[in-house]
Each structure stands twice: as structure tokens, then as C-alpha cells.
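Going down the list, the protein sequences come from chains D and H.
Final position of the first sequence in the working numbering is 148; the numbers increase by one with none missing.
Final position of the second sequence in the working numbering is 296; the numbers increase by one with none missing.
Built from N, CA and C at the ideal position, the CB exists for glycine as well.
Since we're looking at a predicted model, the values are computed, not measured.
2 protein chains.
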Amino acid sequence: MISSRFAVAVHILTLLETGRGEPLTSEYMAGSVNTNPAVVRRILSLLARAGLTRARMGAGGGTLLARPAEAITLKDVYRAVECGERLFALHHEKPNPKCPVGRNIQAVLERATGAAQTALEEQLGGRTVADVMAEVRSEDPDLRSAMV
Amino acid sequence: MISSRFAVAVHILTLLETGRGEPLTSEYMAGSVNTNPAVVRRILSLLARAGLTRARMGAGGGTLLARPAEAITLKDVYRAVECGERLFALHHEKPNPKCPVGRNIQAVLERATGAAQTALEEQLGGRTVADVMAEVRSEDPDLRSAMV
DNA sequence: CAATGTGTTACCATAATGGTAACACTAAGG
DNA sequence: CCTTAGTGTTACCATTATGGTAACACATTG
Numbered sequence: 001m002i003s004s005r006f007a008v009a010v011h012i013l014t015l016l017e018t019g020r021g022e023p024l025t026s027e028y029m030a031g032s033v034n035t036n037p038a039v040v041r042r043i044l045s046l047l048a049r050a051g052l053t054r055a056r057m058g059a060g061g062g063t064l065l066a067r068p069a070e071a072i073t074l075k076d077v078y079r080a081v082e083c084g085e086r087l088f089a090l091h092h093e094k095p096n097p098k099c100p101v102g103r104n105i106q107a108v109l110e111r112a113t114g115a116a117q118t119a120l121e122e123q124l125g126g127r128t129v130a131d132v133m134a135e136v137r138s139e140d141p142d143l144r145s146a147m148v
Numbered sequence: 149m150i151s152s153r154f155a156v157a158v159h160i161l162t163l164l165e166t167g168r169g170e171p172l173t174s175e176y177m178a179g180s181v182n183t184n185p186a187v188v189r190r191i192l193s194l195l196a197r198a199g200l201t202r203a204r205m206g207a208g209g210g211t212l213l214a215r216p217a218e219a220i221t222l223k224d225v226y227r228a229v230e231c232g233e234r235l236f237a238l239h240h241e242k243p244n245p246k247c248p249v250g251r252n253i254q255a256v257l258e259r260a261t262g263a264a265q266t267a268l269e270e271q272l273g274g275r276t277v278a279d280v281m282a283e284v285r286s287e288d289p290d291l292r293s294a295m296v
């Protein structure tokens, strides 16, 4: 199962979009995600490394989107938090090279699973953080931009 | 990451296709996969539950494909070994309902990740065990049907 | 210089995974 | 009828990934 980092990352980016230029702190975001600020910072570290967010250090600091929400797809987020790892595991131990199937199955599996992963990423690539924000709004029409 | 059960399951089903009507033992298949017979049987249990394979008990027994390899897609295999689990984890703890984003993000995420999973499964659905067998053969033209 | 943040590290508990052994049960074939 | 060769299932272990937590160095504001 793909770790909850993806879900939390999308959540964080959506929060940043509501910030509208004001940097948000990891403590504030942790309050919305319902977890520990360090967990948020750990994920922000991945997002920053991928160029999706930008931190402002020091007092009064926090994190901002590094580019418009319309220009951040869920594929970008997925690749950022999964660090380009392959989606499907292959065998733990190399299959038996003396067996014609064992000798060749991994090459075939790499193609099949690679195609599946590409299909998944293309689907994710069709949705942006701005789309997610719009859907969140339409779920809850009288939405305020801050926590109560 | 999706567990290696999927890779091993496809491997097993491909082996069964090479068997051409003769039941194969878990020990033989474990020799090709390079693991323990009980690991193979554990996965066979999932495949049998999904109606993809059929076991013949007792001495001289083993496992057969329950239907032609052309009628078993990688989507069938995926669903069999992942037991219909969702591909993307959501938050561990429920997000803060006092936050407009926290209150609605999971519904939005379920749609987005559901669509991604569907795209993945559709891609897997376009490839059968027979296709895999053919690709294995074409990787290794002078392929013999048994281990040396 | 104090206060408020980030970034990073280290450590822990938990869950999933695959490897292993064991054992009840089933069927074939002498 | 009994031996042999299988499956199906359980239990247990070691390893790994994960998320929660605390701690602390560093940066920035005022």
C-alpha cells in the first residue's frame, strides 16, 4: 500500500493554497492533519526538495507554495514523496536462472508493472492541487479559509 | 510498495501455463521462484480463492490453472493477491473536522486515488498470463519447457 | 538577545512481509 | 491397508517501513 505520506502531502499543499501568500507553520498544519509537527516537516522536506514548496526560516516564518497550485499535479506530489521508487516489488531473491521462466520473468514483469505505474501517474498528472482545492470547496460550500 | 506477492503470483501462473495440463508441485515452483514451498502455497491459496487455480490433492497432485491463460489478466492476479485492498493509504488519524480542508480532504482524496487505482487496474487488465508467457518466450527464443 | 520557526537526527512501537517448520488431511498405488 | 507424496494452514521469527515523539542546531525577526 502506498504510504499515507501522499495523502498528507496533498493535504498540506491544499492548506498552503488556502494561505494565499502567508507562510503557514508546521504546527498549524499539524493541527489540521492531526499529527505531529515533525511529521509535517519531514514531508515538507521532501516537497521542498522536489521544488514544490519553499520555506521561510526564522520567527514569523513557515512554508509557501513554490509555484501556483494550478502548476502542481498530484503526479508531482506522488513522485516527490515516493522519491521515484518503483511501485511494484519484484522477487526478493533472484529467480532460478536455470528455469526458462525464472530466467526471463523479471524483464517481462518490469515492462508490465512499469506500464501500470505509468498509467497511474498519468491519471494523477491530470489533477492539480488547484483542482483538489476546488473539490474541497464544493464539498463544503460555506467554507472559511481558517480553522475555528 | 506493492508486495512481491504479485510478481511471484504472475511467475507461478506462468509456470503453470508451461505445465500444459500436468499439475506442478509447490516444491517445483519454489525451485524456480527461489523461495520456500510454503510461500508458494500461501500465494496459491489466494489464487485458488480467486478461482484462478485449482489444486489436486494427494500423491501425484499439484496445481493447475483453473481456466485458460488467455482468460487470466494481470488485473485478476493483482486483485487476487491484494485481496481488494485500497492502493493508497489515507491519513492514520482522522484530520481535524474543525478545519475546512481537514473536514473534506479525505472525500476528495478517495476520488482521486480511486481514479488512479482504476487506471492502474485497467492497464493490468489489458495483459494476460498468455501474453506474459509469450513475452517470456520471446525474451529467450530457444526456450525449453522444463528446468534443467 | 529572546522568541519563534525550520531542518534534521535519533529512537520507539507497530504493522506488514517473507522465510521456516510443523502438522492435519487427502489421494494414489503398491 | 499402508506408505508415499502432495496440499492447506497455522504459528513463529527476523527484517523492514512507517509514523509518532523528543531533542537540538540553526535562522530570522524585532
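Notebook entry, point to check: When the distance is taken between beta carbons, is H:L192 closer than 8 Å to H:S180?
Noted result: Residue numbering aside, residue 180 of chain H sits at position 32 when the second sequence is read from its first letter. Residue numbering aside, residue 192 of chain H sits at position 44 when the second sequence is read from its first letter. Their beta carbons are not under 8 Å apart, which means H:S180 does not touch H:L192 by this criterion.
Notebook entry, point to check: Considering only C-alpha positions, which residue in the set H:L213, H:Q254, H:N244, H:V188 is nearest to H:V277?
Noted result: In the second sequence, residue 277 of chain H corresponds to position 129, counting from 1. Here the closest residue by C-alpha is H:L213.
Check: Are the C-beta of D:R127 and some C-beta of chain H separated by less than 8 Å?
Finding: Translated into positions along the first sequence, residue 127 of chain D becomes position 127. Interface residue, yes.
Next item on the list: Determine the chain H residues that contact D:A66 at a beta-carbon separation under 7 Å, and present them in chain order.
Entry: By one-based count along the first sequence, residue 66 of chain D stands at place 66. What D:A66 touches in chain H: nothing, since even the nearest Cβ is about 19 Å away.
Next item on the list: Verify whether the separation of the beta carbon atoms of D:M29 and D:I12 is less than 8 Å.
Entry: Taking the first residue of the first sequence as position 1, residue 29 of chain D is located at position 29. Taking the first residue of the first sequence as position 1, residue 12 of chain D is located at position 12. Taking 8 Å as the Cβ cut-off, D:M29 and D:I12 qualify as a contacting pair.
Check: Any beta-carbon of chain D closer than 8 Å to the one on H:N184?
Finding: Here residue 184 of chain H corresponds to residue number 36 of the second sequence, with the count starting at 1. So no, H:N184 is outside the interface.
Checklist line | C-alpha gap between D:R111 and H:Q271, whole angstroms | finding: Sequence index remark: in the first sequence, residue 111 of chain D carries index 111 (1-based). Sequence index remark: in the second sequence, residue 271 of chain H carries index 123 (1-based). Roughly 12 Å between the two C-alpha positions.
Item checked: Sufficient close CB pairs (3 or more, under 8 Å) joining the segment 60-80 of chain D to the segment 125-140 of chain D -> yes
Next item on the list: Specify whether the segment 130-140 of chain D and the segment 75-84 of chain D touch according to this definition: at least 3 beta carbon pairs, one from each stretch, less than 8 Å apart.
Entry: no
Next item on the list: Note the first and the last residue of the continuous beta strand (DSSP E) segment covering H:L212.
Entry: Reading the second sequence from its first residue, position 64 is the one you call residue 212 of chain H. Its beta strand (DSSP E) spans residues 210-213.
Check: Looking at the C-beta of D:M57, does it have a partner C-beta in chain H at a distance below 8 Å?
Finding: By one-based count along the first sequence, residue 57 of chain D stands at place 57. Not one chain H Cβ lies under 8 Å of D:M57.
Margin query: At the 8 Å Cβ level, is H:G262 part of the contact set with chain D, yes or no?
Written below: If you number the second sequence from 1, residue 262 of chain H lands on position 114. H:G262 does not count as touching chain D.
Check: Helix, strand or coil: how does DSSP classify D:M56 here?
Finding: As a working mapping, residue 56 of chain D is identified with position 56 in the first sequence. A small correction: the amino acid at residue 56 of chain D is Arg; Met does not occupy that position in the sequence shown. If DSSP states are grouped into helix, strand and coil, D:R56 belongs with the strands.
Check: Can you pull the DSSP bridge partners for H:T276?
Finding: Your numbering for residue 276 of chain H matches position 128 in the second sequence. Partner(s): H:T221.
Next item on the list: Using a Cβ cut-off of 8 Å (strictly closer), state whether D:R21 contacts chain H.
Entry: Indexing the first sequence from 1 puts residue 21 of chain D at position 21. First, the residue type needs correcting, since residue 21 of chain D is Gly and not Arg in the sequence shown. Output row for D:G21: interface = no.
Notebook entry, point to check: Does the beta-carbon of D:E85 have 16 or more other beta-carbons within 10 angstroms, so that it is buried, or is it exposed?
Noted result: Residue 85 of chain D sits at position 85 when you count from the first residue of the first sequence. It is exposed - the Cβ of D:E85 has fewer than 16 other Cβ atoms within 10 Å.
Next item on the list: Mark H:R168 as exposed unless 16 or more other C-beta atoms lie within 10 angstroms of its C-beta, in which case mark it buried.
Entry: For the purposes of this step, residue 168 of chain H is taken as residue 20 along the second sequence, with counting starting at 1. Result: exposed.
Checklist line | Bridge-paired residues (DSSP) for H:L172 | finding: The residue given as residue 172 of chain H occupies position 24 in the second sequence. BP columns for H:L172 point to H:T211.
Item checked: Under 8 Å (Cβ pairs) to chain H, residues found in the segment 79-101 of chain D -> E85, R86, L87, F88, A89, L90, H91, H92, E93, K94, P95, N96, K98, C99, P100, V101
Next item on the list: Could you check how far apart the C-beta atoms of H:A155 and D:A119 are, in whole angstroms? I think they sit under 8 Å.
Entry: Position 7 of the second sequence, counting from 1, holds the residue named residue 155 of chain H. Position 119 of the first sequence, counting from 1, holds the residue named residue 119 of chain D. With a Cβ gap of about 18 Å, H:A155 and D:A119 do not count as contacting.
Item checked: Proximal chain D residues relative to H:D224, where beta-carbon distance stays under 7 Å -> For the purposes of this step, residue 224 of chain H is taken as residue 76 along the second sequence, with counting starting at 1. Residues of chain D passing the Cβ test: none, with the nearest at roughly 13 Å.
Check: Is the CB of D:V148 under 8 Å away from at least one CB in chain H?
Finding: Against the first sequence, residue 148 of chain D aligns to sequence position 148. Since pLDDT at D:V148 reaches only 47, below the 50 mark, its modelled position is unreliable, and the value read off the structure follows with that caveat. Yes, its Cβ sits closer than 8 Å to a Cβ of chain H.
Notebook entry, point to check: Comparing alpha-carbon positions, which option in H:A264, H:V229, H:A237 lies nearest H:L200?
Noted result: Along the second sequence, read from residue 1 onward, the residue named residue 200 of chain H stands at position 52. It is H:V229.
Check: Any C-beta of chain D sitting closer than 8 Å to the C-beta of H:R197?
Finding: Here residue 197 of chain H corresponds to residue number 49 of the second sequence, with the count starting at 1. No, H:R197 does not count as interfacial toward chain D.
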